[in-house]
Amino acid sequence: MSFITKSPWVLHYDGSSCNGCDIEVLACLTPLYDIERFGIINTGNPKHADVFLITGGINEQNEPVVRNLYAQMPDPKVVVALGICATSGNFFRECYNIKGGVDKVLPVDIYVPGCAVRPEAIIDGVVAALGILEKKRAALKNQPAQSAA
Amino acid sequence: MDTKLLMEQLIGGFGYLLLAPLLGGLLAGFDRIVTARMQSRKGPPLFQPFYDVLKLFEKRGTVVNRFQNLYMLCFLIFIIVTGLIFFTGGNLLLTIFALTVASVFLILGAFSTNSPYSTIGADRELLQVMAYEPMVLIAAMGMYLITRSFNVRDIIAWQMPLVYCLPLIFIGFVFILTIKLRKSPFDLSSSHHGHQEIVKGITTEFSGSSLALFEIAHWYENILLLGIVYLFFAAFHPAIAIGLTLVTYIFEIFIDNAFARLTWRFTVKSSWLVAGVLGGVNLVAAAYLLF
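Here is the structure:
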């Protein structure tokens, strides 16, 4: 039996979004949506996180930050691109400073489009990500563990 | 040593070893549901803390050096040893000192990682130890003054509820209990929610199974602390005493939800003031009235 799907801890990062999607992410924590019902906790620490929620199309300046956060998350982990900017870059796609979507920088597992993305869609996206997280955990279990530092 | 005493010690010791993590985890789940209801949310399932810990064991941990996980393991072991001293009816002073040693291992673990958030968390944890230690010692002194013994066994067997003789010390102990339970307004060293101020403070650099050990140690510690609260009510009927201990815990949850975090200066000043005034007055009054 796996417990990772019962207690997904979420890390949320604003990769140059307009803040609209971020407000919707935080709306998920409010009494109306209360994602803690599913054991989801919004943690600010990548080392405690299982699910990486990114909003925005990633610009040149926060690309290393996003890479660093992803590298610091212990396996198994999934990345969810929230909102149309994170999915494809939207109309910022051609901007000189925008990478044009999270998948230009990190391996994205789930795309959740929307402008701004709705809390219901975020919850659906995270639930879909949990299926992938469980598969990754099972795959990881069969791999030999890396030797301790 | 007579067999009845030995049996009691064995039951107390093994009971704590096996039941404390279960009760502590359930208490944490209860805490999260009550907290959610106070914020008009539904909250997670009762067994959520167990899911969290079991999940952490499924994760691959990352470490920054070879020692940090060893320190965390020592923290857990010393918390368990502390609880065993207490629940086998041992010496209350020894319990308090062993608890301090356990905290020292946690602080060393956090310092060893050299991460800025961890270091701030460890600094604050040291300040918290400094803040609560006088009141904890005064509580033990007060119990000794009344019962003439530091042994938990004798303190429990005392005929009068200690809360009658030591009301101010009880209030002072509940005050510093907020620090020990890592609750607002004194959750300075490891902020309650990870997305604040110092990320997760003392546990920032711990992940996977070592974070799980921290959670388990925290459950053991909470049960031990509630055990000390129980001492104040021990002369009542056990059901009433356990009920009053739970009421104290629910009061702490209420405080947790009603206050924002305070600064470390206020924490140290206020807890020393409380220890000095409430503890001192109660000690002097009890000594004066008794002799």
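Protein chains in written order, with our numbering: chain A, 106 to 254; chain B, 3 to 293.
Ideal Cβ positions, reconstructed from N, Cα and C, are used throughout, including at glycine.
Review point. Which runs of the alpha helix (DSSP H) spanning at least 4 residues fall entirely within the stretch 123-176 of chain B, listed in chain order?
Key: Here the runs fully enclosed are 154-159 and 164-167.
In chain A, which residues lie with their C-beta within 9 Å of the C-beta of K57(B)?
S107, F108, I109, T110, K111, S112, P113, W114, G144 and D155
For the stretch 61-110 of chain B, which segments carrying the alpha helix (DSSP H) assignment without a break, of at least 4 residues, lie completely within its bounds, in sequence order?
-> For the stretch 61-110 of chain B, whole alpha helix (DSSP H) runs of length 4 or above, ordered along the chain, are 70-89.
**Request:** Would you give the residue range spanned by the alpha helix (DSSP H) that Y175(A) belongs to?
**Result:** E168 to Q177
Inset, instruction - Taking only the alpha-carbon atoms, compute the straight-line gap between I145(A) and L174(A) and give it to the nearest angstrom. - result: 19 Å
*Please classify A301(A): does DSSP put it in a helix, a strand, or coil?*
Given that chain A is displayed from residue 106 to residue 254, the structure contains no residue 301(A) and the question cannot be resolved.
* Determine the closest residue to I230(B) out of L183(B), P118(B) and I35(B), with distance taken between C-alpha atoms. => It is L183(B).
Practice problem: Mind the definition here: the stretch 219-234 of chain B touches the stretch 259-271 of chain B only if three or more C-beta pairs lie below 8 Å; say whether that holds. | Solution: no
Quick check: the Cα distance between N116(B) and L56(B), rounded to an integer number of angstroms? One C-alpha to the other measures close to 28 Å.
- request: Run down chain B in chain order and give the residues with a C-beta less than 7 Å from the C-beta of G161(A).
  value: None at all; the shortest Cβ gap to chain B is about 17 Å.
- prompt: Just by C-beta distance, which residues in the stretch 128-143 of chain B are closer than 7 Å to chain A?
  reply: none
* Indicate whether the contact test is met: 3 or more Cβ pairs, each with one atom in the stretch 131-138 of chain A and one in the stretch 77-96 of chain B, closer than 8 Å. => no
Bounding residues of the beta strand (DSSP E) (the contiguous stretch that carries H117(A)): Where H117(A) is concerned, the enclosing beta strand (DSSP E) stretches over W114 to D119.
message = Any beta carbon from chain A within less than 8 Å of P46(B)'s own beta carbon?
response = P46(B) has a beta carbon lying within less than 8 Å of a beta carbon in chain A.
inquiry  = Taking the alpha carbon of V106(B) as the reference point, which residue from T90(B), L95(B), D125(B) and Y119(B) has its own alpha carbon closest?
reply    = For the residues T90(B), L95(B), D125(B) and Y119(B), the minimum Cα distance to V106(B) belongs to D125(B).
**Message:** Residues of chain B with CB closer than 7 Å to the CB of E141(A), please, in chain order.
**Reply:** A38, R43, G45 and P46
Practice prompt. At 9 Å on the CB atoms, spell out the chain B contacts of G194(A), in chain order.
Written response: Those do not exist, as G194(A) stays about 26 Å from chain B at its closest Cβ, beyond 9 Å.
- Task: Use the C-beta contact count for T97(B): other C-beta atoms within 10 angstroms, 16 or more gives buried, fewer gives exposed.
- Result: buried
- Message: Less than 6 Å between C-beta atoms, sequence neighbours within five positions excluded: which residues of the same chain meet that for A253(A)?
- Response: Here the model assigns A253(A) a pLDDT of 44, short of 50, so the residue's position is not dependable and the matter cannot be decided.
How would you list, in chain order, the residues of chain B whose beta-carbon sits under 8 Å from the beta-carbon of D180(A)?
K61 and R62
What does E254(B) reach in chain A if we use C-beta pairs closer than 7 Å?
Residues of chain A passing the Cβ test: none, with the nearest at roughly 20 Å.
- Quick one: complete alpha helix (DSSP H) runs, 4+ long, within the stretch 226-271 of chain B? Runs of alpha helix (DSSP H) with 4 or more residues, each lying fully within the stretch 226-271 of chain B, are found at 240-260, listed in chain order.
Among T192(A), G120(A), C133(A) and K152(A), which residue has its Cα nearest to the Cα of F143(A)? C133(A)
Notebook entry, point to check: Would you report the Cα separation of N247(A) and G17(B), rounded to the nearest angstrom?
Noted result: 37 Å
Practice task
Specify the secondary structure class of A154(A) as computed by DSSP and reduced to three states.
Solution key: coil
Checklist entry - Would the beta-carbon of L168(B) fall within 8 Å of that of G144(B)? => result Yes.
Query raised in the report: Of all the options T148(A), V156(A), P179(A) and A191(A), which has the alpha carbon lying nearest to the alpha carbon of D119(A)?
Result: Measuring from the Cα of D119(A), the nearest candidate turns out to be A191(A).
Identify, in the order they occur along the chain, each residue of the same chain with its Cβ nearer than 8 Å to the Cβ of K241(A), setting aside the five sequence neighbours on each side. D180, P181, K182 and V183
message = I want to verify the contact list: residues of chain B whose CB lies under 9 Å from the CB of P136(A), in sequence order.
response = A38, Q41, S42, R43 and K44
| What residues of chain B sit near R242(A), judged by a beta carbon separation below 7 Å? | E60
- Task: For the stretch 204-216 of chain B, enumerate the residues whose C-beta is nearer than 9 Å to any C-beta of chain A, in chain order.
- Result: T205, T206, E207, F208, S209, G210 and L213
**Prompt:** Taking contact to mean at least 3 C-beta pairs separated by less than 8 Å, is the stretch 21-31 of chain B in contact with the stretch 45-64 of chain B?
**Reply:** Touching, yes, given that three or more Cβ pairs across the two stretches are closer than 8 Å.
Review point. Taking 8 Å as the CB-CB limit, is V1(B) close to chain A?
Key: An answer regarding residue 1(B) cannot be provided, because it is not within the stretch 3 to 293 covered by chain B.
**Study point:** Exposure of V138(B), with buried meaning 16 or more beta-carbon neighbours within 10 Å
**Key:** buried
### Query
Any chance the stretch 74-82 of chain B sits against the stretch 202-221 of chain B, with 3 or more Cβ pairs inside 8 Å?
yes
* Determine the direct distance from the alpha carbon of S209(B) to that of M74(B), and round the result to whole angstroms. => Between the C-alpha atoms of M74(B) and S209(B) there is a straight-line separation of about 11 Å.
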